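Below is one structure, written out as structure tokens; the observations come after it.
Numbering (the working numbering), first residue to last: 3 to 55.
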């Protein structure tokens, strides 16, 4: 969504064996006719920048 400008951080979980761990998955399922691309704000800083995804 940022056109490659922002990278995800590497992360890990340190599990505590005495407590339960909770995970919350998030699923996205857009309709087939929806157009998905970078946010317009991610492209406005560089004039002429085109979406790469």
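All C-beta atoms, glycine included, are put in the ideal place defined by N, C-alpha and C.
From a predicted model like this one, the values you see are computed outputs, not experimental measurements.
Cutting at 6 Å between CB atoms, please list the residues of its own chain near residue i, excluding the five before and the five after it.
i, result
"residue 10", "none"
"residue 41", "3"
"residue 18", "none"
"residue 51", "45"
Just to confirm my understanding: we take residue i, look at its own chain, exclude 5 residues before and 5 after, and list those with CB closer than 8 Å. What are they?
i, result
"residue 32", "38"
DSSP state of residue i, grouped into three classes?
i, result
"residue 41", "coil"
For the ligand FAD, is there a heavy atom less than 7 Å away from the beta-carbon of residue i?
i, result
"residue 20", "The model on display carries no ligand, and the ligand FAD is accordingly not part of it."
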